[in-house]
Amino acid sequence: MRLFLLIVAAVVPLAALQFMTQHSLRQDRENEVRNDTLRLLDLLDAEQQRIAAEARQVLATIVESGVPQAGPPSCQQAMDRLRARYPAYLSVEVADRTGRVWCATDPVSLGVDLGGIRTFQNALASGALTMGEYGLRYPNQRPILPFRLAYPSSDGTPDGVVTVLLDARWLEENLGRRPLPPGMEMVIADRQGHAVARLPEAPEAIGQPLPTAMLQAMRAARGTRSVAVFETGGVERMVVSAPLETGSGESMIAIGIDRDAALRPVRDAMALSLALFGGALLLTCLGAAWGMRQFLRVRERMLETVVEKASVLESTTDAVAELDRSWRVVFVNERARALLSGSGNAVGRNGRQAFAELMGGESGRTLQQAMERREAVEFETQGPCSGVWFAVRAFPSRKGLALYFRDATERRRLEDERTLLTRQLQEERSLLTAILDHLPSGLLVAEAPSGRIVKVNDTALSLLGGPPPPAAGCGCDGTRACNGGACFGEGRCPLSRALRMGETVEQEDMPYTRPDGAAMTLSVSATPVRAPDGRVTLAICTLRDVGERKAMERALQRAKEEADEANRAKSKFLAAASHDLRQPMQSMFLFTGVLHRFIRDEQGQRSLEMLERGLDTLKGLLDSLLDVSRLDAGAVDPRVEPFPLNSLLDEIAASYAPILESKRLAFRIVQDQAATVLSDRVLLGRMVRNLLENAVKYTERGAVQIAVRMQGHNAPGNGAQGNGAKGGRVRIEVSDTGIGIPPDQLTRIFAEFHQLNNPERDRARGLGLGLAIVQRLSAILDHPVEVKSQLERGSVFAITVPVAPVETTAETAPPPMLASAFTGGGEAPRALLVDDDAIVLLGLRDMFREWGYEVRIAGSTDEAVAKIEADGHMPDVMLVDYRLREGRVGTEAVVRVRAMAGRDVPAVILTGEAGPECEMDAAAHGLEVIRKPVTPRQLRRALDRALAKRAKTAEAMTGAEGERLPL
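Position in the sequence shown (first residue = 1) + 619 = my numbering.
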C-alpha cells in the first residue's frame, strides 16, 4: 500500500504535473498556432496589397506614357512587350469610350465590350483610378479583380479606359509551390463571400460561398482581424480572417488550421500519458522517460511548424524581420539580408544596431511608438548610409514587432521623374497655349477623322465673331462662301480639305460673313498633320483678315486704271491732234522754201533763215511730242534688219558736225572694228541722235565722243573673225565732258518733260522728251540703256545692240543719185501731187516747180486718175497724202496710177497720222512714209530714195533680159 501510496504519491503529482503540462502545452500551442496564423495572414494580406499596388503602378505608368494615344499598332506592340515582362496573373486591356477593347496583353480580350460594366463607366466619368469587384473573366471563368483608369485625349477629356486585371491565381502561383503546414487552408473571398482563390487548390470550391457563420464573423469584425473556431465539412477549424476594411477593400482573406491536426501532438501525448498512468504499476522512470520523449517529439514538431512558417515567409518578395519586445532580432529572411548589408548574422543582435538603415532617426521613433501602442504603421524612409529608399510596414504583437520592407528607390525615382515630366509638360503646354493665344493670326486645330475642333485661339474667336462649331464639316454652303463662323465646313473649305484629302492649302482668300452680319475677307491656310503611317491625325488652320489689304489693292487698281486711262487719253489727244497740227506747219515749210527765190537782200535772207530756224525748232518740239504719243499708243512697229552701223554713225556725225563745230567741241567716233547690227535703223538712229543731241546741249567745252565696243564673241582677242559672230553684242557709248548728272537725278532724267538746269523752260532747249523717247525705244527694240555720270566731269550713255549673223552682213552700197532737175538731168520729170488740203497742195506745187518738176495736182484719187487720162502722160514720181476725203486713202491712188502705167511708179506717202495703220498699209505696197511737217531737204531726200529704188529695179530687169537674149 505504501508503495502504492508512494507510487500514487509519486504518480499523482506527476499526473497533476502532466495534466498541467499538457494543458499548458495545449494553450501555448493554440496561442502559437493563432499568432503564427495571424502573422501568415498579415503576410498574405501584405502580399495582396503589394500586388494591388503594383497593378495600380502599372496602370498609372501605362496612362502617363501615352501608350493608349499611340494608336492600335504601337499600343499592341507595347502590350506584347508587357505580356513578356509581367506575371501571367496580371493582364492589361485598353478600351475606347464605347467600351470596346482594342488593345490587350491577352489576345482573347480583343473585341470584348466593357461598356455596360459599372466600374468602366465610373472610371470614364470620374477620370480617377477605380477598383472593381472580383468577377469571372471570359472565357476561362477565372476570378479577376479589375483596376481601371481613364486615359485622356489631346484636349484632356477622357478618351477611353485602361484596365489592369489581377487574376486570383496569384495566390496559387506565389504560394502554391511552397509546402503548407498540415491541415492549413488559405481562402480569398469577394465582397459577397464567394471564394475566388484557395490553397491547396480546389477548383470545385471557386465561386462557392463561405460558411455562413464564418462570413458573419468576418463581417462583424469591422476593421480588425478575427479569430474563431468553426466546424466546416465535419472538421473543426481555427479560422483567422481579415475583413474588407483591412485588406484591399474588395476581398476578404481567411486562413484555416485544422484544430485537431494542429493539436494532435499534444492530444496524443496526453492520451498516451493517461494510458501509461492507467498502468499505474509501470515504472515511473519508464513513464518519465517516455513522457520526456513525447515532449521532445512535440517540440520537434513545433520546430517543424516554425520552419514551415519560415519557408512561407522566405517565399514572399518582401524583406521580413522579426524582433522581440527587447528589440532583439529573432528572424531575418534572405530578402532582408540582401537589402541590408551586414544583416546576415543579425539574429540575436539588437535590431537598432543591426537595422540602422531602417531604424535610425525618425523611423526609429515611429517603430518605438508602434511597439508601445501596438498599432500597425506604414512609412517610407531613406537609409542614411546607403541612400536607398525603403517602404516599411510594421505589425506589432505581444511578442514583439514584425517588419516587412522592400527597396522603393526605383519607384521613387520613377515617381520623381514622372512628377518632373508632368511639371515640364504642364509648363510647355502653358507656354504653347500662351504663344497660340497671342498669335496675330487666328488658329484652329481639328482632329481626324471626327473633325472635332480641339483648339481655338483668341484671335480666331475675334475674327470669327464667336465660338466655332464643335466639329469641322458643318455649316458651310459648299460655295466657297462661309457664314456664321463655319469657314471650315464642307465643300472647298481649306480645313475640311486638309482633314479629308490631306491637301495643303496656302493663303486662299475666302469671303466670310460673321454672325453679326459683318462681311469680311479671310486669308485661310490649312496643313494636315500625319502619323508615321501616313494617316492624317490633325489639321491646323490659320486665319488672317485681309479685308484692308484687299481694299488697298482695289484702290491701287482703280488708281492704276485711272492713270492708264489718262495716259491713253493724252496719247489719243496727241495722236488726233497730230494731223491738224502738221498740216499748217507743212504749208509753212513749203512756202518758206519757195520764198528763197523771191527774197534777195541780205536782211531779208537773215530774217528768212531765222524763220526757218524757228520752224525747225517748232518741228522738233512737235515731233518729240508726237513721237512720245505714238510710242505710248503702240503705233511704232520696228523693222528689225541687219545694217552696217558705221554708215548710220557717219550720217549722224555729218548732221551734227556744224553744231559741234559752232560750239567748238571736239568730236570723234571710236570703233574697235566694223560691225553690222540687227535693229531698226531709223529707231536706233533716233536713240543715238537723241543721246548725241543731249550731250551737245549740256556740254559747253571739251569733247563729245561716240564709241563702239564689241562684247561677247566679237570682242577683240576672242578669236572672232569678221562681223556678226553668233551671240555677240555691240555697245554704243555716247560720252561728253559736260555738266554731269546728280546721283539723285539718274533715274528721273528719263521722265517726260524733265530737264536739268532749265528752270525757265527755254523752248530752244527742247521739251525734255529726248531721253523719255530713248527709254521707250529701248523697251521696244530690247536695247538696254545704261548711264554713268559724275558732276562737272561728264556723262556716258550706252546702248547695247545685238550683232547681225555673219551671213546677213554684206553691206550694200548706197544707191546712186538719179538725174533730176536739181542734179543736172535732161527733160523735166513729171510729178503727181495728191492732197486734200489746198494750202499744202499749193505749197508742194510751188516747191516741186522750184526743183524743176512738171507738176500735176489733185485733191482726190479720182481727180488724179482723170487728169492723167486727159493728159495722156504718166508721172515719173508721186507724192500722195495718206488720209483723203470720204474715207479714202492715198495707197489707192498709187495702186490705180501704177495699174494705168503698167509699172511701179516711184511714190512716197506723206501723212500727219500717228497710228500704225498708215505704215502697215504703205509697207504692204512697198512705199516709204514721211510724216508732216517735213522740211524741203527731208522731202527731197525721200524723193531721191524712191527714184533710186526704181532705177535699181529697172537696171536689174534690163540685165536679166540681156542675159536671156542669147538663149
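We put the beta carbon where it would ideally sit given N, CA and C, even for glycine.
Beta-carbon spacing of residue i, residue j below 9 Å
i       : j       : result
Pro777  : Arg716  : yes
Val1349 : Val1422 : yes
Asp937  : Leu663  : no
Thr1356 : Val1323 : yes
Ala940  : Leu1022 : yes
Val1124 : Ala1145 : yes
Leu701  : Ala742  : no
Leu1529 : Met1466 : no
Val846  : Leu657  : yes
Ala1415 : Glu1352 : According to the sequence provided, residue 1415 is Val. The question's Ala does not apply to it. In contact: Val1415 and Glu1352 (Cβ atoms closer than 9 Å).
Met1493 : Val1524 : yes
Gln988  : Glu994  : yes
Tyr753  : Ala707  : no
Gly970  : Trp946  : yes
Val1527 : Leu1562 : yes
Residue range of the unbroken beta strand (DSSP E) whose run includes residue i
i       : result
Pro1147 : 1138 to 1149
Asp778  : 777 to 786
Glu1260 : 1260 to 1263
Leu1157 : 1155 to 1164
Ser1354 : 1348 to 1355
Asp1128 : 1124 to 1132
Ile874  : 871 to 877
Asp1026 : 1019 to 1026
Arg1305 : That residue, Arg1305, is in no beta strand (DSSP E); its alpha helix (DSSP H) goes 1300 to 1316.
Pro1015 : 1008 to 1015
Thr1510 : Looking at the DSSP string, Thr1510 is not in any beta strand (DSSP E); the run it does join, the alpha helix (DSSP H), is 1509 to 1520.
Integer Cβ distance of residue i from residue j, believed to fall under 8 Å
i       : j       : result
Leu958  : Phe974  : Between Phe974 and Leu958 the Cβ distance is about 10 Å, and since that is not below 8 Å, they are no contact.
Val1143 : Ile1159 : Not a contact, Cβ separation roughly 12 Å.
Val711  : Val677  : 7 Å
Phe739  : Val686  : Phe739 to Val686, Cβ: 18 Å. No contact.
Asn654  : Ser1016 : 6 Å
Residue i to residue j span [Cα, whole Å]
i       : j       : result
Thr680  : Arg1037 : 9 Å
Gln972  : Glu666  : 27 Å
Leu1310 : Glu1270 : 15 Å
Ala881  : Leu1020 : 24 Å
Thr1419 : Val1301 : 16 Å
Asp943  : Glu997  : 19 Å
Met639  : Ile763  : 50 Å
Ala697  : Glu683  : 14 Å
Gly979  : Asp879  : 45 Å
Asp1381 : Arg1522 : With a pLDDT of only 46 at Asp1381, under 50, the local geometry of the prediction cannot be trusted, and the value read off the model is given with reservation. So the two alpha carbons sit approximately 51 Å from each other.
Arg669  : Ser870  : 14 Å
Arg1475 : Leu1463 : 10 Å
Ala1182 : Ala1188 : 10 Å
Pro801  : Asp877  : 8 Å
Pro1403 : Arg1517 : 43 Å
Thr1000 : Gly812  : 37 Å
Glu1312 : Lys1486 : 46 Å
Val951  : Gln646  : 27 Å
Pro884  : Arg920  : 8 Å
Asp1056 : Ser773  : 17 Å
Leu1410 : Ile1325 : 20 Å
Pro828  : Val848  : 18 Å
Pro1433 : Ala1174 : In this predicted model, Pro1433 has a pLDDT of only 36, less than 50, meaning its place in the structure is not dependable; the value taken from the coordinates is given anyway. The straight-line gap from Cα to Cα measures roughly 56 Å.
Ala703  : Ala1090 : 41 Å
Ile874  : Val806  : 6 Å
Run of the alpha helix (DSSP H) containing residue i, from where it starts to where it stops
i       : result
Gly983  : 981 to 992
Ile1392 : 1389 to 1400
Pro762  : It is not in any alpha helix (DSSP H) - Pro762 instead sits in the beta strand (DSSP E) that spans 761 to 771.
Pro1113 : 1113 to 1120
Gly734  : Taken as a continuous stretch (DSSP letters only), Gly734 belongs to no alpha helix (DSSP H), as it is neither H nor E.
How do the stretch 1268 to 1277 and the stretch 1397 to 1412 stand: do at least 3 beta-carbon pairs fall below 8 Å, yes or no?
Touching, no, given that fewer than three Cβ pairs across the two stretches are closer than 8 Å.
With a cut-off of 8 Å, do at least 3 Cβ pairs link the stretch 1048 to 1059 to the stretch 1025 to 1034?
Verdict: no, contact absent.
Cβ contact (3+ pairs, closer than 8 Å) linking the stretch 1478 to 1485 and the stretch 1500 to 1513
The stretch 1478 to 1485 is in contact with the stretch 1500 to 1513.
Touching by the beta-carbon criterion (3+ pairs, under 8 Å), the stretch 1057 to 1075 and the stretch 1112 to 1131
The stretch 1057 to 1075, when compared against the stretch 1112 to 1131, does touch it at the 8 Å Cβ threshold.
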